[in-house]
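From first to last, the protein sequence lines stand for chains E and U. Start counting the first sequence at 53; every next residue gets the next number (the numbering used here). Start counting the second sequence at 340; every next residue gets the next number (the numbering used here). All C-beta atoms in this analysis are idealised placements derived from N, C-alpha and C, irrespective of residue type, glycine included. Reviewing the structure listed below.
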Amino acid sequence: QKEVEQNSGPLSVPEGAIASLNCTYSDRGSQSFFWYRQYSGKSPELIMSIYSNGDKEDGRFTAQLNKASQYVSLLIRDSQPSDSATYLCAVATINYGQNFVFGPGTRLSVLP
Amino acid sequence: SAVISQKPSRDICQRGTSLTIQCQVDSQVTMMFWYRQQPGQSLTLIATANQGSEATYESGFVIDKFPISRPNLTFSTLTVSNMSPEDSSIYLCSVEGASGARRYVSYEQFFGPGTRLTVL
Numbered sequence: 053q054k055e056v057e058q059n060s061g062p063l064s065v066p067e068g069a070i071a072s073l074n075c076t077y078s079d080r081g082s083q084s085f086f087w088y089r090q091y092s093g094k095s096p097e098l099i100m101s102i103y104s105n106g107d108k109e110d111g112r113f114t115a116q117l118n119k120a121s122q123y124v125s126l127l128i129r130d131s132q133p134s135d136s137a138t139y140l141c142a143v144a145t146i147n148y149g150q151n152f153v154f155g156p157g158t159r160l161s162v163l164p
Numbered sequence: 340s341a342v343i344s345q346k347p348s349r350d351i352c353q354r355g356t357s358l359t360i361q362c363q364v365d366s367q368v369t370m371m372f373w374y375r376q377q378p379g380q381s382l383t384l385i386a387t388a389n390q391g392s393e394a395t396y397e398s399g400f401v402i403d404k405f406p407i408s409r410p411n412l413t414f415s416t417l418t419v420s421n422m423s424p425e426d427s428s429i430y431l432c433s434v435e436g437a438s439g440a441r442r443y444v445s446y447e448q449f450f451g452p453g454t455r456l457t458v459l
């Protein structure tokens, strides 16, 4: 059974701080890792994907992957109230018709 | 990324009836998926909609309850049959996009807006 774990939160950070979201996964064959943001009542929106060990930066977002530790994280710098949402970690194995396994999500609240 | 639409956006249905949800994409895609998101929960994959063949269902989901059609590369339907209140959920379709000329092709998934179903 492939599992993806996240702290459910809520994680509260003050505006301007760094928010750190963590995700662990059980399947060592996983090769693709994604972070989605989901606002209440909306569908998930892809914000980051990462495939290789190390850091990947996109604007205020940095994804970090450590395959040896089976760990992927998302850092949000200069957090804004508009970043308040649930963040879903998804993990997949690259093959034909790969299926994603989603974590339970972490609810982030950025306080003004 | 592809533009994905779903119809209906929401519906309230009676127990024992069926509802068909449509998913339309503005470009041809190979892989389409159907997910369920129950209140306060994460996403659970129901099935992969294959063009020209039967859908591939995940454990716990069966064709009689969730028949799926995929007549072409831009359209799919999911039917929720013989509904009960436990089927109240958001149903989401997603498509897989391959992008980039990099070492691997990234199989990112993009979601439609979802269908909020309430069963009384």
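Candidates the options, of which the one nearest residue i by Cα
{"i": "Glu447/U", "options": "Gly157/E, Thr145/E and Pro156/E", "result": "Thr145/E"}
{"i": "Leu126/E", "options": "Ser72/E, Pro62/E and Val153/E", "result": "Ser72/E"}
{"i": "Asn105/E", "options": "Gln90/E, Tyr123/E, Tyr91/E and Ser78/E", "result": "Tyr123/E"}
{"i": "Leu163/E", "options": "Gly157/E, Val153/E and Ser136/E", "result": "Ser136/E"}
{"i": "Cys352/U", "options": "Cys432/U, Gly379/U, Gly451/U and Ser427/U", "result": "Ser427/U"}
{"i": "Asn389/U", "options": "Met371/U, Phe450/U and Ile360/U", "result": "Met371/U"}
{"i": "Glu57/E", "options": "Ser78/E, Phe86/E and Glu97/E", "result": "Ser78/E"}
{"i": "Ser357/U", "options": "Ser420/U, Cys432/U and Tyr430/U", "result": "Ser420/U"}
Residue i vs residue j beta-carbon contact at 8 Å
{"i": "Glu435/U", "j": "Val368/U", "result": "yes"}
{"i": "Pro347/U", "j": "Thr454/U", "result": "yes"}
{"i": "Leu417/U", "j": "Glu397/U", "result": "no"}
{"i": "Ile102/E", "j": "Phe113/E", "result": "no"}
Residue(s) in a DSSP beta bridge with residue i
{"i": "Lys346/U", "result": "Gln361/U"}
{"i": "Gln448/U", "result": "Glu435/U"}
{"i": "Gln90/E", "result": "Thr138/E"}
{"i": "Thr383/U", "result": "Arg375/U"}
{"i": "Arg455/U", "result": "Arg349/U and Ile429/U"}
Residue burial classification, residue i (beta-carbon count within 10 angstroms, cutoff 16)
{"i": "Tyr139/E", "result": "buried"}
{"i": "Leu459/U", "result": "exposed"}
{"i": "Tyr443/U", "result": "Bear in mind that the predicted position of Tyr443/U carries a pLDDT of just 49, short of 50, making it too unreliable to give a figure here."}
{"i": "Arg375/U", "result": "buried"}
{"i": "Gly451/U", "result": "buried"}
{"i": "Ser134/E", "result": "exposed"}
{"i": "Leu160/E", "result": "buried"}
Test: residue i CB closer than 8 Å to a CB of chain B
{"i": "Phe400/U", "result": "Absent here is chain B; the protein component of the structure consists of chains E and U."}
- Looking at C-beta atoms only, is the number of pairs between the region 411–426 of chain U and the region 355–367 of chain U that lie closer than 8 Å three or more? yes
- Query: Is the region 154–161 of chain E in contact with the region 108–122 of chain E, if contact means three or more CB pairs nearer than 8 Å?
  - Reply: no
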